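As C-alpha cells, the structure follows; a few thoughts come after it.
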Amino acid sequence: MTMRDVAKEAGVALSTVSHFLNGTAPVAPETRKKILEAIERLNYRPDFTARNLKRQKTSALGLFIPDVTNPFYAELAQGVTDVAQGAGYSVILYATSYKEKLEESFVSLVEQHQVDGVVIAYSFIAERLWGRLASSGVPAVLVDVYPTNDLWPSVVVDNEKGVEKALRYLVSLGHTDIGYLSEPPYVLSLVKRQRAFLSFMKRKGLPLRDEWVLVEKTQRNRVEIGFTLGKKLLKEKKRPTAVVASSDLVAVGALKAFLSSGVRVPEDISVVGFDDILLASYVHPSLTTVRQPKYEMGRTGVEFLLQFLQGKNDCPPLTLIEPVLVERDSCQGRG
C-alpha cells in the first residue's frame with residue numbers, strides 16, 4: 005500500500021495525506037478522521053526509513069498519560085521532564101482523558117516520528133494500538149504499566165506488596181473488619197491491588213463481605229467515586245472498622261462521605277489510600293497511605309529510554325519499585 009492508495013481510500017488529495025503524515029501543514033479534524041480510518045482499513049504503514057535519512061532527530065520525547073487533573077501523573081511527569089531536559093530533550097505531553105480517539109491520535113503522532121522516544125504511563129483502552137506502536141519502531145518505556153510484550157522495559161510499583169503493607173498495618177492496630185473501595189479496575193495495577201486485598205483477607209481468615217468490597221464499574225471522577233462508594237458503605241447495617249482505597253483520590257472522596265454523614269475518622273472508621281499524592285498530607289484528617297515514588301518512577305523510565313536512544317538495550321524487562329507505608333492521622337487502633 006502507498007500514500008496514493010490511502011488518499012484514494014479516504015477521498016482526499018495526495019498532498020493532504022502527505023501533510024498529515026509529515027506534519028507539514030494543518031489538517032482539518034474531519035479530514036484527519038478520514039485519513040486515519042483509511043490507514044486502519046488498508047493497514048498502511050509509512051516507510052520511515054528513507055524519511056529519517058533526511059530528517060535529523062527531533063530532540064523531543066513523548067509522555068503519554070490519561071489524566072492531567074490527577075496529581076499522580078503530575079509528579080511522575082516532573083521526574084520525566086527533569087531527566088529529559090537535563091539530557092537536552094524537550095517533553096511533549098499527550099493526555100487522552102480515557103478517550104480511544106485521542107489514543108489513536110497519539111499513536112499516529114508517534115508513527116510520524118514526531119518524537120525520538122516515548123514514555124507510556126497508561127495502558128491503552130484500544131489494545132490493537134500496541135501493535136501499531138511496536139511497528140513504528142520508536143523506542144518506548146512503560147511506567148506504571150505492566151509489560152505488554154518483550155520489546156519495552158516496564159517500571160511499576162509492587163502493587164501487591166503495597167496493599168499487603170496497608171492491611172498488615174490495619175491488622176496491627178486491631179482491625180479485622182476491613183472494606184475495599186475502588187475505581188474501575190481498567191489497568192492491571194488496579195486489578196492486582198484488588199486481588200491482593202482479597203487474597204490477604206482469605207489467607208488471614210478475616211471477614212470478607214461482598215457488601216464491603218465496592219468497585220465502581222464506570223469511569224468517573226475518582227473523588228466522586230470515593231464519595232459515592234463511601235455513602236453506599238454507610239447504608240450497611242454492619243460496617244467495617246477500616247477501609248483500604250485503590251487510590252488517594254478515592255480515599256479523599258470516602259473521607260468526605262464519612263465526615264459529612266457524622267462518621268468520625270479515625271475514631272469510627274480508619275482509612276488508608278494508595279499513591280501518596282500531595283493532597284494526602286493536606287486533607288483533614290491527613291491520609292495514611294501507601295506511597296508510590298512517582299518522581300522516581302518517571303525518572304527511572306526516562307533514564308531507560310535514554311539508554312535505548314544511545315543504542316543500549318540491556319534494561320531489565322520489569323523493574324519493581326518498593327512501596328512505602330506513610331502513617332498519618334486517618335487511622336487509629338481498636339481498643
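According to this note's numbering, the sequence shown is numbered sequentially starting from 5.
Cβ atoms here follow ideal geometry from the backbone N, Cα and C, with glycine treated the same way.
Remember, predicted model here, so these are calculated numbers, not experimental data.
Coarse secondary structure for F68, derived from DSSP in three states: In the sequence shown, the residue the question calls residue 68 occupies position 64. Strand.
Helix, strand or coil at A170 according to DSSP, with G and I counted as helix: Position 166 of the sequence shown, counting from 1, holds the residue named residue 170. Helix, per DSSP.
CA-to-CA distance, P30 to F24, given in whole angstroms: Here residue 24 corresponds to residue number 20 of the sequence shown, with the count starting at 1. Here residue 30 corresponds to residue number 26 of the sequence shown, with the count starting at 1. Cα to Cα, the separation comes out at about 7 Å.
Of the residues T245, A11, G92, L313, the one placed nearest G141, counting alpha carbons only: Within the sequence shown, residue 141 is the residue found at index 137, counting from 1. Checked all of T245, A11, G92, L313; the closest Cα to G141 is L313.
Identity of the residue in N74, L65, G121, A81 nearest I96 by Cα: Translated into positions along the sequence shown, residue 96 becomes position 92. Of the candidates N74, L65, G121, A81, the one whose C-alpha sits nearest the C-alpha of I96 is L65.
Proximal residues to D279 (C-beta, below 6 Å), its chain only, five neighbours per side dropped: Indexing the sequence shown from 1 puts residue 279 at position 275. So the list reads F76, S251, D252, Q296, once near-sequence residues are dropped.
Residues that A246 bridges to, as DSSP identifies them: Locating residue 246 in the sequence shown gives position 242, counting from the first residue. Answer is I182, S274, bridged to A246.
Entirely enclosed alpha helix (DSSP H) segments - the region 109-134, minimum 4 residues: none
Inter-residue spacing [alpha-carbon to alpha-carbon] between M301 and L194: Position 297 of the sequence shown, counting from 1, holds the residue named residue 301. Position 190 of the sequence shown, counting from 1, holds the residue named residue 194. Looking at the two C-alpha atoms, the distance is approximately 17 Å.
8 Å Cβ cutoff met for E220 and K196: By one-based count along the sequence shown, residue 220 stands at place 216. By one-based count along the sequence shown, residue 196 stands at place 192. Not in contact: E220 and K196 (Cβ atoms no closer than 8 Å).
Where T152 sits in the DSSP three-state scheme: Taking the sequence shown and counting its residues from 1, the one referred to as residue 152 is at position 148. It is coil, neither helix nor strand.
N74, buried or exposed, once every other Cβ within 10 Å from all chains shown has been counted against 16: Taking the first residue of the sequence shown as position 1, residue 74 is located at position 70. N74 should be labelled buried.
CB contact check: N74 to chain B, cutoff 8 Å: Among the chains in the structure shown there is no chain B, since it carries only a single protein chain.
Closest Cα partner of S112 within the set V167, P151, E168, Y48: As a first step, residue 112 is located in the sequence shown; it is residue number 108 there, counting from the start. Nearest option by C-alpha distance: Y48.
Residue from I43, K38, V87, P33 whose Cα sits closest to the Cα of F308: Within the sequence shown, residue 308 is the residue found at index 304, counting from 1. It is V87 whose Cα lies nearest to the Cα of F308.
Whole-angstrom C-beta distance between E168 and T200, which should lie under 8 Å: Taking the sequence shown and counting its residues from 1, one reaches residue 200 at position 196. Taking the sequence shown and counting its residues from 1, one reaches residue 168 at position 164. Residue identity check: residue 200 is Ala in the sequence provided, not Thr. With 8 Å as the limit, A200 and E168 qualify as a contact, their Cβ atoms being about 6 Å apart.
Span separating the alpha-carbon of E108 from that of W134: Walking along the sequence shown from the start, residue 108 turns up at place 104. Walking along the sequence shown from the start, residue 134 turns up at place 130. E108 and W134: Cα-Cα distance of roughly 10 Å.
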